[in-house]
Amino acid sequence: MMRKTTLATAVASMLALPVSAYAVGPIDGSIYGKVNISVVNDDNGADEQMELNSNASRIGVKGKAKLTETLYVIYKAEYESFWDDGEKGNGDTFSQRNIIGGLKGDFGTIWAGKHDTPTKLAQKKIDLFNDLEGDIKNVMAGETRASNIVNYTTPSFSGFSASVTTIFGEDRNDNDKDGAFDSYSVLAQFETDGVYLAVASDENVMSGSASQGMGKDYVNVLRVVGQIPVGPVTLGAMWQNAEDGDSAVTGVKLDEDSWHMSAKWKVANDYTLKAQYTESDDDVSGNDADMLSFGIDKKLGKKTKLFTFYTTLDQSAAMDDSDWLGVGLEHKF
Amino acid sequence: MNYLLVISLLCGVSYSSSLLAVSAEQSSPVAQVGCEESVDAADDMNFVDNIIECHDKAIVIYDQASREKFLKTRFLSSQTSNNQQHDDGKSISTHNKPVHLPGTTFIIRAAYEIEAPHLALASLHQQMAVYCPKGWALDRQWSRPISMDYYLHYEFTCTDID
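Written as structure tokens, this is what we have:
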């Protein structure tokens, strides 16, 4: 109880920051977030149940202050909130998501904190069922939010940019977890007129591959992503290889090839049709998984939509297929 | 394997960057940013550009990107208005008339000398009359030094009252 109160007070203080910041003038900040709730029929093959899910609903604060004509200090603090049962499994009212502070200037951007790795963010918006049951994290590795990371991103040159992130293991007793670059993530990306290309890699980064029956462990990831608009349709694709990293627990082996394709079609009357397919195969264990999702979004307003979806997941490591059928509401603020 | 990949990635981007750096420096020190919803932008590797370039509330008139984005939107509004009037058989041009957008917030500024701050007021009020022709509410004001003089900033919102 004490912990909850303390956290709530801390968050409330942070949320009050932009208000007081406005009062002094040139400092800038704002609150943002989204509520995404869905009613889902969850069928694991053996049994089924009805669920209300919160789907990573969140609230965040972000802002900047201009230090000189070319230098800004920036911050972002984002928390997941649980709109279904009010708390995370461990009792926390809020769960930390991406939280960073840093500087941006002509040299690029440097920030540090806890954040999604560049490899995770390389997926951009090609996961059309992100945070739902069809999230690609259920089939492939590399969807990592890392603690103790320091990132440098180059300025954007006509759509080109690159990021290098190091992740400190903070374990002085392990030579693979105490150095400056024992774990790192890098990304090179290009974007123009809706066309997006990215190549990213994680080296010895704590991640996981749920579909291979592997818990969180250190992996190396190579990821290639592309997205292109074709009229009202947006097509996305991703290929990835994940292997066990230097710090993986002895005996843990992984050689997972994954690929993903998605298509989004904006049709009339603010409707959007969505479909995606994701597959992974581990050459070491022989396990494989494939996931197929369909969905329809109906835009109700600039920041609000209704959605419905169907997802089916087939894992060789599981006895039965899993299926989810859901309807939900999303509002961004 | 990944050391080679890292080096390749950085070399590739650096080479591309060096080819493009000259034109980029000549055009703008910051990237062209699409101001999508903050919650979406937060899940992008270039989320910092959204923090720097996109203001959820106020249109900063003296910031070129913010001003151009607003003027483009306002121009489209005027065009729509014109087209509807043409369909009705009337041909009244509203393109050059100031458009009052209730609830829209702007930030403007004017330079002044510390001995004569009133000199900034005329300029500020003229600007407010342009962006909110049906009236405004002054939200806040602040000053900032620029070499020997100061900028007086006004943040104001177009009134909802006709």
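Sequences listed follow chains A and B, in order.
Going by our numbering, the letters in the first sequence line up with residues 7 to 339, in that order.
Going by our numbering, the letters in the second sequence line up with residues 7 to 168, in that order.
Where is the CB? At the ideal position from N, CA and C, for every residue including glycine.
- Contact annotation, T125 of chain A with S207 of chain A: C-beta distance approximately 7 Å; criterion of less than 8 Å satisfied.
- Listed by position along chain B, the residues whose Cβ is nearer than 8 Å to that of S299 of chain A form an empty set, because the closest Cβ is around 19 Å away.
- Of the other Cβ atoms in all chains shown, 16 or more fall within 10 Å of the Cβ of R103 of chain A; this residue is therefore buried.
- Contact of M51 of chain B with chain A by beta-carbon distance below 8 Å involves P124, L127, A128, T159, S167, S169, L193, Q195.
- Closer than 8 Å at the C-beta level to chain B, one finds these residues of the region 37–65 of chain A: Y38, G39, K40, R64.
- Between Y160 of chain B and R146 of chain B, the C-beta spacing is below 9 Å.
- If you ignore the 5 residues before and after Q55 of chain A, its C-beta comes within less than 6 Å of the C-beta of D48, all in its own chain and listed in chain order.
- Where A186 of chain A is concerned, there is no enclosing alpha helix (DSSP H), because DSSP gives it neither an H nor an E.
- Look at E84 of chain A: its C-beta is under 9 Å from a C-beta on chain B.
- Contact annotation for N144 of chain A against chain B: no contact, minimum CB-CB distance about 18 Å [criterion: below 9 Å].
- For the region 88–146 of chain A, the continuous beta strand (DSSP E) assignments of 3+ residues that do not extend past its boundaries occur at 100–111, 114–122, in sequence order.
- If you look at Y137 of chain B, you'll find it in the alpha helix (DSSP H) that goes 124–137.
- Within the region 240–257 of chain A, no residue has its Cβ closer than 7 Å to any Cβ of chain B.
- In the DSSP annotation of this structure, V66 of chain B is not part of any alpha helix (DSSP H); the continuous beta strand (DSSP E) holding it starts and ends at 64–66.
- For Y202 of chain A, no chain B residue has a Cβ inside 8 Å of its Cβ, as the nearest lies near 10 Å away.
- Where A47 of chain B is concerned, the enclosing alpha helix (DSSP H) starts and stops at 44–47.
- The three-state secondary structure of F313 of chain A, taken from DSSP, is strand.
- Neighbourhood of A71 of chain B in chain A, by CB distance below 9 Å: empty, with the nearest CB roughly 14 Å away.
- Under the three-state reduction of DSSP, R150 of chain B is assigned to strand.
- Nearest in C-alpha terms to K311 of chain A, of all of A:N275, A:Q233, A:Y158, A:R229, is A:N275.
- Excluding sequence positions up to five before and after A116 of chain B, its CB lies within less than 6 Å of the CB of A126, S129, L130, L158, all in the same chain and listed in chain order.
- A direct Cα-to-Cα measurement between F112 of chain B and V255 of chain A gives close to 57 Å.
- The closest CA to that of S164 of chain A, considering only A:I155, A:V201, A:Y158, is found on A:V201.
- D155 of chain B has a beta carbon lying at 9 Å or more from every beta carbon in chain A.
- Using a Cβ-Cβ cut-off of 8 Å, A126 of chain B is close to nothing in chain A; its nearest Cβ partner there is about 15 Å away.
- In chain order, K70, Y78, I80, K110 make up the part of chain A whose C-beta sits under 8 Å from the C-beta of I58 of chain B.
- In this structure, DSSP gives E84 of chain A an extended state, which the three-state scheme calls strand.
- Between D250 of chain A and the set A:W265, A:P238, A:N226, A:G237, the nearest pair of CA atoms involves A:N226.
- Between K272 of chain A and chain B, the shortest Cβ-Cβ separation is not below 9 Å.
- For T115 of chain A, the chain B residues whose Cβ falls inside 8 Å of its Cβ are V54, in order along the chain.
- C-alpha of T76 of chain A to C-alpha of D112 of chain A: approximately 6 Å in a straight line.
- Taking a beta-carbon distance threshold of 9 Å, F88 of chain A does not count as an interface residue toward chain B.
- Look at L77 of chain B here: in three-state DSSP terms it is helix.
- Of the candidates A:N96, A:A194, A:G257, A:Y277, A:A194 places its Cα closest to the Cα of Y158 of chain A.
- Between T317 of chain A and E93 of chain A, the beta carbon gap of about 25 Å keeps them out of contact (Cβ cut-off 8 Å).
- Closer than 9 Å to the CB of A48 of chain B there is at least one CB belonging to chain A.
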